[in-house]
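Worksheet: the structure to be examined is printed underneath.
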Amino acid sequence: MAWRIDGVLESIGLKASVRTGMALSGGGARGFVHVGVLMAFERFGIRPDIISGVSAGSIAAVLYAAGISPLQIIECFASNPKFGDFTDWALPKSSFLKMTKFEKLLDSWLPVSRLEELQIPTVICATDFDHGKSVGWSKGEIVPRVVASCSIPIIFPPVRINGTHYVDGGVLRNLPAWAIRKNCTVLYGSNCSPLSRNYSYKNSMLDIALRSYSLMAKSNIIQDLALCDYVIQAPEVAHYKTFDLSSIRKLVTLGYDTACKMLETVL
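Structure below.
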């Protein structure tokens with residue numbers, strides 16, 4: 065498996081020997097689990113020195129790294145409670161949906177526009193669709209890179225950055241532990257995409273695409289789970305739908321409770 069980091073992490077002070085890292089997986093709306101995890105870490109006085117994120121994890125990563133509190137993150141999305149508030153239908157040439165609305169909202173929420181301006185060093189991971197590689201960005205414009213990281217193939221169109229097409233980071237590596245493992249001594253992984261084994265088949269292209277994506281993410285996450293010192297994951301997350309924003313607070317609570325239980329045993 066090939067991958068690369070676009071950005072010199074050492075240039076932003078990541079050579080120190082003691083660093084706490086946090087890797088946040090993809091998972092659609094289930095990514096609100098990450099917000100609860102971040103709340104739990106704050107309760108225990110832990111602030112990550114570096115964060116990496118894929119797809120939904122990239123959204124949580126950049127918002128938190130920009131200084132937006134977990135409660136503020138919840139409010140950002142609670143004021144737009146429907147998935148349709150973030151997407152538009154697209155002509156079915158390369159995708160069903162497009163994220164124009166979400167791009168504008170994310171840009172309005174963020175106090176900075178570039179990754180290197182964030183308060184916490186952050187690596188956003190996506191899949192280089194043209195060359196078949198996982199990539200991690202630690203510099204550059206935030207919004208297009210987050211959108212690229214979230215662009216599940218078929219559902220959303222690839223994002224073109226500097227002449228290259230990118231899609232959801234979960235296609236190859238759904239938990240971006242690989243992107244920051246060398247830059248931290250303790251790495252926590254938050255996995256919000258366990259696979260549901262009670263799947264009920266639906267004869268829908270959208271549903272088939274989402275299930276296929278979930279199967280890919282399940283198989284490619286194993287190597288990155290092994291890179292983490294501690295993993296936070298709740299099997300109950302599998303009961304929530306990828307694009308259902310009606311259970312935000314339940315997911316946050318689930319992430320918070322799961323992380324607190326884990327931290328109580330290791331600290």
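Last residue of the sequence shown: number 331 in the working numbering, and the count goes up by one each step with no gaps.
Here a beta-carbon is modelled for each residue, glycine too, at the ideal position from N, C-alpha and C.
Source: prediction; values computed, not measured.
ask   = Thinking C-beta only, is A87 closer than 8 Å to S116?
value = yes
task = For Y230, write down the residues that DSSP places opposite it in a beta bridge.
result = D192 and V223
query = If you run the structure through DSSP and keep just helix, strand and coil, what is I123?
reply = helix
request  = May I have the straight-line CA-CA distance separating R224 from V330, to the nearest angstrom?
outcome  = 42 Å
task = Find the nearest neighbour of K165 within the set I285, H229 and V211, judged by alpha-carbon distance.
result = V211
request  = Please go through the same chain and pick out, in chain order, the residues whose beta-carbon is closer than 6 Å to the beta-carbon of L102, but skip the five residues on each side of it.
outcome  = Y128 and P134
query = Leaving out five residues before and five after T191 in sequence, what residues of the same chain have Cβ atoms less than 7 Å from its Cβ?
reply = S198, Y230, V231, D232, G233, V235 and L236
inquiry  = So the candidates are P240, Q136 and A130; which of them puts its Cα closest to the Cα of S119?
reply    = P240
request  = With a cut-off of 8 Å on the beta carbons, I'd call V295 and G253 a contact; round off their distance for me.
outcome  = 5 Å
message = Quick check on the DSSP output: the beta strand (DSSP E) that includes M86 runs from which residue to which?
response = T84 to L88
key: Among D113, R275, P112 and S143, nearest to R313 - alpha-carbon criterion   = S143
key: Own chain, CB closer than 6 Å to D293, minus 5 neighbours either side, in chain order   = V250 and L251
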